[in-house]
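This is the structure:
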């Protein structure tokens, strides 16, 4: 089991560029989520999904899109990168919302 | 609404005990505890569900007072490996599906 994988590990973007952060899990978890972590702010929920074809917004969804076409994959798209999106992004999955969440290793994104 | 954690940081000597608190202004269904070491992903410790259940994990245990919307994490006889940042995550309703994390408590254990 690879668990939760994220690519890339590091990324530098220029303001206005778009990109997709990849997240995949091989545990057949229905619940997947994206968080961003900024110093002193903890983990903030961006978007989440309770199953293939179902997504919903978290606390800080603006500037991000998600889709869930398969159980395994949950990509996060930055439409037009801004310096305020400089952060560490974590993807997580779990069997359900009240079970242990397994986190990926994170993607460190810098927007110049 | 983001739960409030206290203290924000604490330094202990190996073998000392620590308590980390997590409180919310909203009624809670569950409280989740995670530990994150520097440069790594958060790792699950335990979940407490509505009902005041206390749980334990080696020398780490937690309680959940649903009337006060508070949870406390207890670290007994702390070890160097306990160093890291501890986060509580709260869920307001069953099936709410949104976990809201606090800003974390940085715990440093020194020999």
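Residue numbers (the numbering used here), protein chains in the order written: chain A, 1 to 112; chain B, 1001 to 1111. Using N, Cα and C, we set each Cβ at its ideal position, and we do this for glycine too.
Sequence-distant residues of its chain with Cβ nearer than 8 Å to residue i (five each side left out)
| i | result |
| --- | --- |
| residue 102(A) | 3, 4, 25, 27, 29, 92, 93 and 94 |
| residue 19(A) | 11, 13, 77, 78 and 81 |
| residue 1099(B) | 1032, 1089, 1090 and 1091 |
| residue 980(B) | This structure cannot speak to residue 980(B), because chain B is shown only from 1001 to 1111. |
| residue 61(A) | 46 and 47 |
| residue 43(A) | 35, 36, 37 and 90 |
Below-9 Å beta-carbon distance, residue i vs any chain A residue
| i | result |
| --- | --- |
| residue 1042(B) | yes |
| residue 1038(B) | no |
| residue 1047(B) | yes |
| residue 1103(B) | yes |
| residue 1030(B) | yes |
| residue 1098(B) | yes |
7 Å Cβ shell around residue i - same chain, five flanking residues per side excluded
| i | result |
| --- | --- |
| residue 1045(B) | 1033, 1034, 1035, 1057 and 1060 |
| residue 38(A) | 87 |
| residue 1003(B) | 1022, 1023, 1024, 1088, 1090, 1100 and 1102 |
| residue 111(A) | 13, 15, 81, 82, 83, 85 and 86 |
| residue 65(A) | 77 and 79 |
| residue 50(A) | 30 and 31 |
| residue 993(B) | With chain B covering only 1001 through 1111, there is no way to say anything about residue 993(B). |
| residue 63(A) | 78, 79, 82 and 85 |
CB contact check: residue i to chain B, cutoff 9 Å
| i | result |
| --- | --- |
| residue 105(A) | yes |
| residue 33(A) | yes |
| residue 102(A) | yes |
| residue 41(A) | yes |
| residue 44(A) | yes |
| residue 1(A) | no |
| residue 99(A) | yes |
Under the three-state DSSP convention, the category residue i falls into
| i | result |
| --- | --- |
| residue 33(A) | strand |
| residue 1086(B) | strand |
| residue 1069(B) | coil |
| residue 85(A) | helix |
| residue 1081(B) | helix |
| residue 1091(B) | strand |
| residue 1018(B) | strand |
| residue 95(A) | coil |
| residue 113(A) | Because residue 113(A) is not part of the residues shown, which for chain A are 1 to 112, the question remains open. |
| residue 48(A) | strand |
| residue 18(A) | coil |
| residue 1002(B) | coil |
Contact set for residue i: own chain, Cβ-Cβ below 6 Å, skip 5 residues either direction
| i | result |
| --- | --- |
| residue 1077(B) | 1015 and 1059 |
| residue 22(A) | 7 and 75 |
| residue 1019(B) | 1072 and 1074 |
- Name, going along the chain, the residues of the segment 48 to 78 of chain A whose beta-carbon falls closer than 8 Å to a beta-carbon of chain B. 48, 50, 56, 58 and 59
- Item | Stretch-stretch touch, CB-based, cutoff 8 Å, three pairs: the segment 1029 to 1038 of chain B with the segment 1080 to 1089 of chain B | yes
- Task: Report the residues of the segment 1064 to 1093 of chain B with a CB closer than 7 Å to any CB of chain A, ordered along the chain.
- Result: 1087 and 1091
- Three or more beta-carbon pairs under 8 Å between the segment 54 to 73 of chain A and the segment 1009 to 1021 of chain B, yes or no? Contact fails: fewer than three Cβ-Cβ distances are below 8 Å.
- For the segment 80 to 93 of chain A, which residues have a beta carbon sitting closer than 7 Å to at least one beta carbon of chain B? Listed by position along the chain: 90.
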